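**Q** Quick note: the sequence shown, position 78, residue 78 per UniProt numbering, numbers continuous.
Quick reminder that beta carbons are idealized off the backbone N, C-alpha and C, glycines included.
This structure is a prediction, so every number in the text was calculated from the model and none was measured.
Pasting a structure here, questions to come.
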Amino acid sequence: MNQRVFGITGWKNSGKTTLTERLVALFTAQGFRVATVKHAHHSFDIDRKGTDSFRHRQAGAVETAIVSANRWALMHQLRSEQEPPLSEILERLSPADLVLVEGYKNDSHAKIECRRAGARDRSPLLGTIANIVAIATEAPEAASAPPQFHIDDVEGIGAFILKFLHLNSDAR
C-alpha cells in the first residue's frame, strides 16, 4: 500500500496526542481522508469484561470483529505472536490520503518531534532516532535545522506536513 505516512513522536506528556488530534481535525476540515496509528507501550483493551465479544476472545478466538450501524472494530489477539511492525499495520488500513502515526519513534518514516517543559523526559530525540524532519516546541528557534514550529501552530505544522508529503489541499 502506498500511503503517505507522517509521525508525531516525543517523550510522554510532550504533546503528541494533542498535536495528532488537532492535525486530524485540520486535515479532515481540508477534505483529506486521514487515518491514525497509535502505538501503546502498555497493555490496553478496547472491550469490556462481560461483553459477548470479550467472551469470544476469552474463549480463544484469534480475531473478533464487532460490527454495528455506526462503526466496526477488529481485534487480533497476539497470544504467542510478536507485536507486528508498523508496515504490517499500515497494510491493514483502509485507503487514506495520509496516515498520522503517534509513537513508533524507531521506525523509518518522517517525524516531527514534540517538546514540552512538562514532558517526562526533556532530552532531545533529534540525533538519536532517524528521520526527525521538524520540531514542535513551546520555544521555537528561528532559522534552525530542522525547522521548528510553536507546538500550537497547527496550521503551520499542517502546511509543512502537506508540503513534505507532496499533498495539495487545493486539489480537494
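When you compare the CB positions of R92 and M75, do they come within less than 9 Å of one another, or not?
**A** Position 92 of the sequence shown holds residue 92. Position 75 of the sequence shown holds residue 75. Not a contact, by the Cβ cut-off of 9 Å.
**Q** What are the boundary residues of the alpha helix (DSSP H) that V154 is part of?
**A** Indexing the sequence shown from 1 puts residue 154 at position 154. Counting along the chain, the alpha helix (DSSP H) containing V154 begins and ends at 154 to 164.
**Q** In the DSSP assignment, the alpha helix (DSSP H) including H39 goes from what residue to what residue?
**A** Here residue 39 refers to the residue found at position 39 when the sequence shown is read from its first residue. No alpha helix (DSSP H) contains H39, which DSSP labels as neither H nor E.
**Q** Would you kindly report the start and end of the unbroken alpha helix (DSSP H) that includes H109?
**A** The count along the sequence shown starts at 1 and reaches residue 109 at position 109. Taken as a continuous stretch (DSSP letters only), H109 belongs to no alpha helix (DSSP H), as it is neither H nor E.
**Q** Under 8 Å: do the stretch 129 to 136 and the stretch 24 to 32 share three or more Cβ pairs, one atom per stretch?
**A** Contact fails: fewer than three Cβ-Cβ distances are below 8 Å.
**Q** Going along the chain, which residues of its own chain have a beta-carbon closer than 8 Å to the beta-carbon of K16, five neighbours each way excluded?
**A** Taking the first residue of the sequence shown as position 1, residue 16 is located at position 16. Result list for K16: I8, T9, G10, E102, G103, C114, in chain order.
**Q** Within the same chain, show all residues whose beta-carbon is closer than 7 Å to that of Q82, passing over the 5 residues directly before and after it, in chain order.
**A** Within the sequence shown, residue 82 is the residue found at index 82, counting from 1. So no residue of the chain qualifies.
**Q** What separation, rounded to the nearest whole angstrom, lies between the Cα atoms of L167 and D121?
**A** Translated into positions along the sequence shown, residue 167 becomes position 167. Translated into positions along the sequence shown, residue 121 becomes position 121. L167 and D121: Cα-Cα distance of roughly 33 Å.
**Q** Please report the distance separating the alpha-carbon of I151 from that of D107.
**A** Counted from its first residue, the sequence shown places residue 151 at position 151. Counted from its first residue, the sequence shown places residue 107 at position 107. Approximately 22 Å, taken between the alpha carbons.
**Q** Can you tell which of S14, R4, F54, F160 has the C-alpha that lies nearest to the C-alpha of T36?
**A** Sequence index remark: in the sequence shown, residue 36 carries index 36 (1-based). The shortest Cα separation from T36 among S14, R4, F54, F160 belongs to R4.
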